[in-house]
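Remarks on the structure that follows.
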Amino acid sequence: MKTFLRLTTGIIFLFVFSFNAKSSVFVQATTSLTTANPLECADIFYSVDVQIGCINHVYSGSSVVVSGSTITVNIIYTAQPICLGAIGYQTHSVNIGQIAAGTYTVVFQGVLGSSVINTISQSLTIGSCCSSTAAFTSNSVNYCAGDSLKLTNSSSTNGTATYTWFRNDTVVGTSRDYMEILPSVGNRSYKLVSSDTCESDTVVKTIKVIPPPELGPDTSICLGDQLTLTVATGWATYKWNTNNTGRIERVSSTGKYVVTTTLASGCVRSDSVSVTVVGPFFSLGQDKTICPNGSTVLDAGVGTWKSILWSTSDTTALLTVNTPGSYIATVTNSIGCNYNDAIQVTRDKDSVLTITGADTVCIGDSVYLQAPTHFASIKWFDNDTNAITKGVGTAGNYSLMATTNTGCHVYDTVHVGFDTLPIVSLGNDTVLCNGKSWLIQTNTPNILLYRWQDASRKSTFNANKKGTYSVVITDDNGCNGTDTVVVDYKDCEVIDPVDTNKTSVNPHHISSGVSIYPNPTLGNVTVKFQNSQSTVEVQLLDMMGRVVLKTSRTETDQVELNLEGFNSGKYVLFIATEESHTAHGIILQ
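Counting from -17, one number per residue, gives the positions in the sequence shown under my numbering.
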């Protein structure tokens, strides 16, 4: 037969191998302590789980042997002649009885028949049933001087016990409970020694006698500062006259502050302090605005402060300033509290007045001067106080006065000029021979834009049919000029060709009463009479005898002819008045 024993984490495995008539027996046992906190005055139990290889082996019980500090526990099985080979499981509760207090080694032995298979051991500690525990309670945690201290004994003992009380290691009593009057502030150590027939035990506690609340002397603080009043820890409750229930009170206003504290011992203590807040509140007021070339007075408070110092190094209460900027004053009151404030001085943003509108327009137009709308009031040159827009039609200086919302008076003046209109002349109304055209020219300098009756934009217009022709010109000042000419057509008679060199004896002075110039010409010809003529008819013929230009005038001493657009060459000019009919040679270059 061969056996072995193995222990794993507090669990005992017992293996038994038996060889009989070629059969084997396998026994495995595990044990665990089922009694918590075992004591000498109570039975101690173990639970044993068994796994056997022959299910017909019989559990015969257990035996316990105590020898010194060793407890031997035998787990006994009886083997049968024939092994019924199958694995079986069994659990047994083993009572090892009541054993005196101490620390033991428990040895478990597997026994099959009369043979010990193997052993396994584990430690066991058994407590004493004879013990004494010293304990006491107090009637409070903290105390005031003069309070009654009551210490109530709550020790547990066996049989008759004796008690000894100590204060700071000095014996003060031997009764079960203890009481005394606490005379002064401080910490005291109280010890109770409890003794019975088994043993003695000691317990020590510290009793605190705390000082009453102390808020200090009456005091003053600066306006805006905060004073923190603090009561020491240890009190059961805190109650301020501000309804604060904490041990800290933060003070920022004048008044009397009272705190009342209590303890579980019944002690009630209070203290108070008067706090005065010294000011006054310091402010330079709202930011200020000054007018151009104006000033303002900053007031730090006359007769209020012990000292005043401005950021300008001035020390007076009133400071006159005429420059925009930030000004800071630092003041000191009667108890040395320092305060400062800053004020911003700005120039009135509305103190700039500008009249808007064109300063030059064309004759015949109007200038519309515009006043800003953000002023409290305005007054124009003509005393008009209502109009925001003022129209003027003549050249000159125009002024405006305005008052800002802060009362500043500002002024502005503008000069308005007028540009003359450009002059354009298209010449006299003209009758052309059928089939002829006329290049109408404006002949006006410094013109930027042209607009003819058909919206064309050239400086000239070629007239080739009957109608009214007009042009609007715009000069570099933006001014417009206009003129209109009427062109008519007719069938012209054909006159025999004329030798222009023989037609006129004098090309400039045909008779003593008529002058024609310039001749030769680049386009314009003037016929000048010495005397005014009641009727004048002028015809211009080309060298084929065709009338290419015909015009008439009444009550005039001068006729202007515009030959621009005609082909260069020689022409014959016939002039008919009531007094004479003459022909003149004209050369168009």
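Just so you know, even glycine gets a beta-carbon here, dropped at the ideal spot from N, CA and C. Fair warning: this is a prediction, and the values are worked out from it, not measured in the lab.
Since Ile53 and Ile78 are thought to touch, with beta carbons under 8 angstroms apart, how far apart are those beta carbons, to the nearest angstrom? By 1-based counting over the sequence shown, the position of residue 53 is 71. By 1-based counting over the sequence shown, the position of residue 78 is 96. The beta-carbon separation of Ile53 and Ile78, rounded to 6 angstroms, stays under the 8 angstroms limit for a contact.
Applying the 10 Å Cβ sphere with the 16-neighbour rule, what's the burial state of Thr297? In the sequence shown, counting from the first residue as 1, residue 297 sits at position 315. That one is exposed.
Could you tell me whether the stretch 35 to 50 touches the stretch 128 to 137, using the rule of 3 or more Cβ pairs below 8 angstroms? Output reads no: the stretch 128 to 137 does not touch the stretch 35 to 50.
Unbroken stretches of the beta strand (DSSP E), 3 residues or longer, contained in the stretch 123 to 169: Entirely contained in the stretch 123 to 169, the beta strand (DSSP E) runs reaching 3 residues are, in chain order, 130 to 135, 144 to 149, 152 to 155 and 160 to 163.
So which of Arg439, Lys418, Thr314 and Leu408 has the shortest CA-CA distance to Thr424? Counting from 1 along the sequence shown, the entry for residue 424 is found at position 442. Looking at the Cα atoms, Leu408 is the closest of the given residues.
Distance CB(Thr386)-CB(Ala353) smaller than 8 angstroms: If you number the sequence shown from 1, residue 386 lands on position 404. If you number the sequence shown from 1, residue 353 lands on position 371. No, they are not a contact pair.
Considering only their Cβ atoms, is the gap separating Val279 from Ser333 smaller than 8 angstroms? Sequence index remark: in the sequence shown, residue 333 carries index 351 (1-based). Sequence index remark: in the sequence shown, residue 279 carries index 297 (1-based). Cβ atoms of Ser333 and Val279: not closer than 8 angstroms.
Contact defined as beta carbons within less than 8 angstroms: I believe Ser105 pairs with Ala117. What is the distance between those atoms, to the nearest angstrom? On the sequence shown, position 123 is the one that residue 105 refers to. On the sequence shown, position 135 is the one that residue 117 refers to. 31 angstroms between Cβ atoms; not a contact.
Boundaries of the beta strand (DSSP E) in which Lys288 is found, first to last residue: Residue numbering aside, residue 288 sits at position 306 when the sequence shown is read from its first letter. Element bounds for Lys288: n/a, residue is neither H nor E.
Any idea which residues DSSP pairs Ile422 with across the strands? For the purposes of this step, residue 422 is taken as residue 440 along the sequence shown, with counting starting at 1. Answer is Phe443.
Would you list the residues sitting across from Asn77 in a DSSP beta bridge? As a first step, residue 77 must be located in the sequence shown, where it is residue number 95. Paired residues: Phe27.
Ignore the nearest five residues each way along the sequence and tell me which others in Val142's own chain have a CB closer than 8 angstroms to its CB. In the sequence shown, counting from the first residue as 1, residue 142 sits at position 160. At residue 142 the sequence reads Thr, which differs from the Val that was named. Closer than 8 angstroms at Cβ, skipping near neighbours: Asp178 and Thr179.
I need the boundaries of the beta strand (DSSP E) containing Trp222, first residue and last residue. As a first step, residue 222 must be located in the sequence shown, where it is residue number 240. Bounds of the beta strand (DSSP E) holding Trp222 are Thr219 to Trp222.
Exposed or buried, what is Leu570 when buried is set at 16 or more other beta-carbons lying within 10 Å of its beta-carbon? Taking the sequence shown and counting its residues from 1, the one referred to as residue 570 is at position 588. Taking a 10 Å sphere around the C-beta of Leu570, we find 16 or more other C-beta atoms and assign the residue as buried.
Starting from Ile53 and walking both ways along the beta strand (DSSP E), at which residues does that stretch end? One-based indexing of the sequence shown puts residue 53 at position 71. First-last of the beta strand (DSSP E) with Ile53: Thr52 to Thr60.
Tyr499 classed as buried or exposed, judged by whether at least 16 other C-beta atoms fall within 10 angstroms: The residue given as residue 499 occupies position 517 in the sequence shown. Under the 10 Å beta carbon count, Tyr499 is surrounded by fewer than 16 other beta carbons and is classified as exposed.
Per DSSP, which one or two residues make a beta bridge with Arg251? Indexing the sequence shown from 1 puts residue 251 at position 269. Its beta-bridge partners are Thr243.
Hey, could you find the ends of the beta strand (DSSP E) Met383 is sitting in? One-based indexing of the sequence shown puts residue 383 at position 401. Boundaries of the beta strand (DSSP E) around Met383: Gly378 to Thr385.
Are there 16 or more other CB atoms within 10 angstroms of the CB of Val153, so buried, or fewer, so exposed? Translated into the one-based positions of the sequence shown, residue 153 becomes position 171. Val153 is exposed by the Cβ-count criterion.
Collapsed DSSP secondary structure at Pro354 in the structure displayed: Here the question's residue 354 lines up with position 372 in the sequence shown. Reduced to three states, the DSSP call for Pro354 is coil.
When you compare each of Phe27, Glu22 and Cys23 to Thr16 by their alpha carbons, which one comes out closest? Taking the sequence shown and counting its residues from 1, the one referred to as residue 16 is at position 34. Of the listed residues, the one whose Cα sits closest to Thr16 is Phe27.
Would you report the Cα separation of Gly261 and Cys204, rounded to the nearest angstrom? As a first step, residue 261 is located in the sequence shown; it is residue number 279 there, counting from the start. As a first step, residue 204 is located in the sequence shown; it is residue number 222 there, counting from the start. Cα-Cα distance, rounded: 6 angstroms.
Assuming Ile192 contacts Ala214 under a Cβ cut-off of 8 angstroms, what Cβ separation, rounded to an integer in Å, is found between them? Residue numbering aside, residue 192 sits at position 210 when the sequence shown is read from its first letter. Residue numbering aside, residue 214 sits at position 232 when the sequence shown is read from its first letter. At roughly 7 angstroms, the Cβ-Cβ gap stays under 8 angstroms, so Ile192 and Ala214 are in contact.
Helix, strand or coil for Leu504, going by three-state DSSP, please let me know. Taking the first residue of the sequence shown as position 1, residue 504 is located at position 522. Note: Leu504 maps to coil in three-state DSSP.
Compare the C-alpha of Cys344 against each of Thr456, Ile360 and Thr355 and name the closest. Looking up residue 344 in the sequence shown gives position 362. For Cys344, the nearest C-alpha among the options comes from Thr456.
Three-way DSSP call (helix, strand, coil) for Ile477 in this model: Working through the sequence shown from its first residue, we reach residue 477 at position 495. Any answer about Ile477 is weak, because its pLDDT of 48 lies below 50 and its placement is not dependable; what the coordinates show is given next. Ile477 carries a coil assignment under DSSP once its states are collapsed to helix, strand and coil.
Can you tell me the Cα-Cα spacing of Ser308 and Gly283, whole angstroms? Taking the first residue of the sequence shown as 1, we reach residue 308 at position 326. Taking the first residue of the sequence shown as 1, we reach residue 283 at position 301. For Ser308 and Gly283, the distance between alpha carbons rounds to 18 angstroms.
Report all residues from its chain with a CB closer than 8 angstroms to the CB of Asp151; omit the five preceding and five following residues, and keep chain order. By one-based count along the sequence shown, residue 151 stands at place 169. Taken in chain order, the residues that qualify are Ser171 and Lys173.
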